[in-house]
Structures are given as structure tokens and as C-alpha cells.
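So for the sequence shown, my numbering puts the first residue at 7; every next one is plus one. Read through the structure below, which is laid out as C-alpha cells, and then see the notes.
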Amino acid sequence: MELRENELDVDTYLALRKSVGWKELSREQAQKALENSLYILVAYEGEIPVGMGRIVGDGAVICYVQDLLISPDYRRQGIGGRILEKLKQYVQVLRLPETELMFGLMCAKGRETFYESHGFIARPTKELGPGMIQYLREEG
7 MELRENELDV DTYLALRKSV GWKELSREQA QKALENSLYI LVAYEGEIPV
57 GMGRIVGDGA VICYVQDLLI SPDYRRQGIG GRILEKLKQY VQVLRLPETE
107 LMFGLMCAKG RETFYESHGF IARPTKELGP GMIQYLREEG
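If you want it as C-alpha cells, here you go:
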């Protein structure tokens, strides 16, 4: 398995998302998402893209893991862990000296144990409230 940095095209991105049953995006939406990513990592088995992850954020205060996914036929082979560790290494390099940078994500249901094994904590905690989202779309 080979990890390639910042070489993800729209067709491959959309195909990987479809392979795991994620919400469909428009080509324009996908292109803009890729362009605005801080870092993208794609796992290849030969020439077949089998997984990916990307980092979004400001690179100083907070970075998020976005779209960490592995095609169903390639799960449970350590690919997700390798991608996640490489993403974390990238974010560590961004962290300004003598500062703390929050490294977060929105976990898919049922994947909590995987992320906890890589040092993430589930919210809410005594100190931290729950993560929250809102979907914005056209009215009507």
C-alpha cells in the first residue's frame, strides 16, 4: 500500500465517497472541498485508490480530520490507522512553538473505538460539551 499526498482528483474523491455510501456531492462542491483542504492523503493498492483522509482548518488553532474513509473491501488491514497517523504528523508540524493546537473530528457512528485507540476523546466530557452540527440548504 502506498500513501500519496495532495494528489486527489474529483472523480476519485466522489468514487471513494460513493464506495462507503456517503452523501452525494456535486462536482463543484467536491472540487471546492479539495481545493480548500490543508492536506490530503490517499491510500493506493497498486493503482487502485482504497482510502483517503484530509485535513481542514486554520492550521494554527484547530485542524479537523475530514473524510477519513476506507473502501469496504480494504477495511481491517490497518490502512485507516496509517492514514490517521500520517494526518496527525502533518498537523503536529503546523503547530506553532509553545502552543496547543486542537485536532478534532466528527466520528461516524460505530467508529468511536477506532478513534479512541488513536488518542481521541469522545465528547461530551465533564469539561467539554457535545459536538453539534447544522445542515444548511436552500429553503423550499
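Glycine included, C-beta positions come from ideal geometry on N, C-alpha and C. Computed from a predicted model, the values in this text were never measured in an experiment.
- Within the model, the alpha-carbon separation for Ala36 versus Thr131 is close to 33 Å.
- Nearest neighbour of Gly57 by Cα position, chosen from Leu40, Ser25, Leu31 and Glu41, turns out to be Ser25.
- When the Cα atoms are used, Ser77 and Leu22 turn out to be separated by approximately 7 Å.
- Here Gln72 is bridged, per DSSP, to Arg60.
- By the Cβ neighbour-count rule, Asp73 is buried, with 16 or more other Cβ atoms within 10 Å of its own.
- With contacts defined as CB atoms closer than 9 Å, Tyr96 and Tyr45 qualify as a contacting pair.
- Contact between the segment 113-120 and the segment 58-68 is absent: fewer than 3 CB-CB pairs across the two stretches fall below 8 Å.
- By the neighbour-count criterion, in which 16 or more other beta carbons inside 10 Å mark a residue as buried, Pro55 falls on the buried side.
- Cα atoms of Leu142 and Arg33: separation of roughly 18 Å, rounded to the nearest angstrom.
- Ala49 is classed as buried because its beta carbon has at least 16 other beta carbons within 10 Å across all chains shown.
- Beyond the five residues adjoining it in sequence on each side, Glu122 comes within less than 8 Å, by CB distance, of Ala128 in the same chain, given in chain order.
- Membership of Ala21 in the alpha helix (DSSP H) is indicated by the continuous run Val16 to Ser25.
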